[in-house]
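Residue numbers (the working numbering): 11 to 119.
Glycine is no exception: its CB is placed at the ideal position from the N, C-alpha and C atoms.
Here you go:
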């Protein structure tokens, strides 16, 4: 009960924090990357978690009786990625890209 609530708070928070961290680091390491490419990299960088994580965990820890508890954060992280990505990140990134492109084409002067 209580641990599920904490997990439901922690996973979206972790997703947003890690997305922000990726954004800052990618901007520092690749300053010439254009906005649409940086936005695509942000959204794609974490999408293999479920596809690779479940088989790996099942192979490494498949005999444990508490496997469901181990997989729960991973299974909750994927929907958090989809919901937060589509509800918050995509609209924000779309507006940012439009503003940058408008500014670069002379609309910001």
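What do you get for residue i, buried or exposed, if any count of 16 or more other CB atoms within 10 angstroms of its CB means buried?
i, result
"residue 21", "buried"
"residue 14", "exposed"
"residue 91", "buried"
Given a cut-off of 9 Å on the beta-carbon distance, is the pair residue i and residue j in contact?
i, j, result
"residue 29", "residue 99", "yes"
"residue 26", "residue 86", "no"
"residue 84", "residue 52", "no"
"residue 64", "residue 71", "no"
I need the boundaries of the alpha helix (DSSP H) containing residue i, first residue and last residue.
i, result
"residue 12", "12–39"
"residue 86", "77–94"
"residue 52", "45–54"
"residue 112", "100–114"
Rounded C-beta distance between residue i and residue j? I'm assuming under 8 Å.
i, j, result
"residue 24", "residue 103", "The pair is not a contact, with the Cβ atoms about 19 Å apart (cut-off 8 Å)."
What residue from the options has the CA that sits closest to residue i's CA?
i, options, result
"residue 113", "45, 101 and 69", "45"
"residue 82", "37, 42 and 68", "68"
Does the CB of residue i have a neighbour CB from chain D at under 9 Å?
i, result
"residue 80", "Of the protein chains in the structure, only one exists, and it is not chain D."
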